[in-house]
Amino acid sequence: MPFPDGTFEAIYNFSVFTHLSADMHEAWAMELRRVLRPGGLLIATTHGDHYRYLLAQRAEREAYDRGEIVTQAQYQEGKKWYFAVHPPAYVRNRLLARFERVEQVQPGATADMTQDVWIGFKPHE
Numbered sequence: 161m162p163f164p165d166g167t168f169e170a171i172y173n174f175s176v177f178t179h180l181s182a183d184m185h186e187a188w189a190m191e192l193r194r195v196l197r198p199g200g201l202l203i204a205t206t207h208g209d210h211y212r213y214l215l216a217q218r219a220e221r222e223a224y225d226r227g228e229i230v231t232q233a234q235y236q237e238g239k240k241w242y243f244a245v246h247p248p249a250y251v252r253n254r255l256l257a258r259f260e261r262v263e264q265v266q267p268g269a270t271a272d273m274t275q276d277v278w279i280g281f282k283p284h285e
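Going letter by letter, the sequence shown gives residues 161 to 285 in our numbering.
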């Protein structure tokens with residue numbers, strides 16, 4: 161992104177990780193972290209347990225259950241139909257591992273939104 165380090169106090173990253181490859185997940189998380197100020201807030205959404213049912217292949221479900229990200233990569237990355245499904249363990253232990261006070265809000269039965277919402281703060285280094 162064309163912004164200096166530490167530009168933003170908060171970033172809202174809605175339905176972006178949900179359409180990126182595993183490699184791009186980590187690169188994008190690092191870029192978001194770079195442009196956040198120390199103590200800055202990241203709000204991001206992912207396809208969590210609510211989307212596990214979309215994993216049609218047994219190997220995909222097993223990978224998800226092991227805490228691995230699963231992508232449906234037969235479409236162009238970044239487009240609507242290219243999607244990633246994120247086990248909570250992956251988000252905590254890999255994607256947002258360099259953030260502090262990471263919290264997950266899962267969609268409820270009456271929620272209008274089906275994606276998981278994650279918050280994390282860039283550490284004061």
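All C-beta atoms, glycine included, are put in the ideal place defined by N, C-alpha and C.
Bounds of the alpha helix (DSSP H) holding Tyr-224 are 218-225. Bridge partners of Leu-196 according to DSSP: Phe-168. In the displayed model, Asp-183 falls within a helix according to three-state DSSP. Beta-bridge annotation (DSSP): Gly-280 is paired with Leu-202.
The C-beta separation of His-185 from Leu-256 comes to about 10 Å, leaving the pair out of contact by the 8 Å criterion. With fewer than 16 other CB atoms across the displayed protein chains lying within 10 angstroms of its CB, Gln-236 is exposed. Counting the other Cβ atoms within 10 Å of the Cβ of Gly-208 gives 16 or more, which makes it buried. Boundaries cannot be given for Gln-234, as no beta strand (DSSP E) includes it and DSSP labels it neither H nor E. Put simply, of Glu-220, Pro-198, Ile-171 and Phe-163 the residue whose alpha carbon is nearest the alpha carbon of Thr-205 is Ile-171. For Arg-193, the closest of Thr-178, Asn-173 and Tyr-211 by C-alpha to C-alpha distance is Asn-173. For Arg-252, there is no enclosing beta strand (DSSP E), as DSSP gives it neither H nor E. Taking the C-beta atoms as reference points, Gln-275 is found no nearer than 8 Å to Ser-181.
Going by DSSP, Gln-264 is part of the beta strand (DSSP E) stretching over 260-265.
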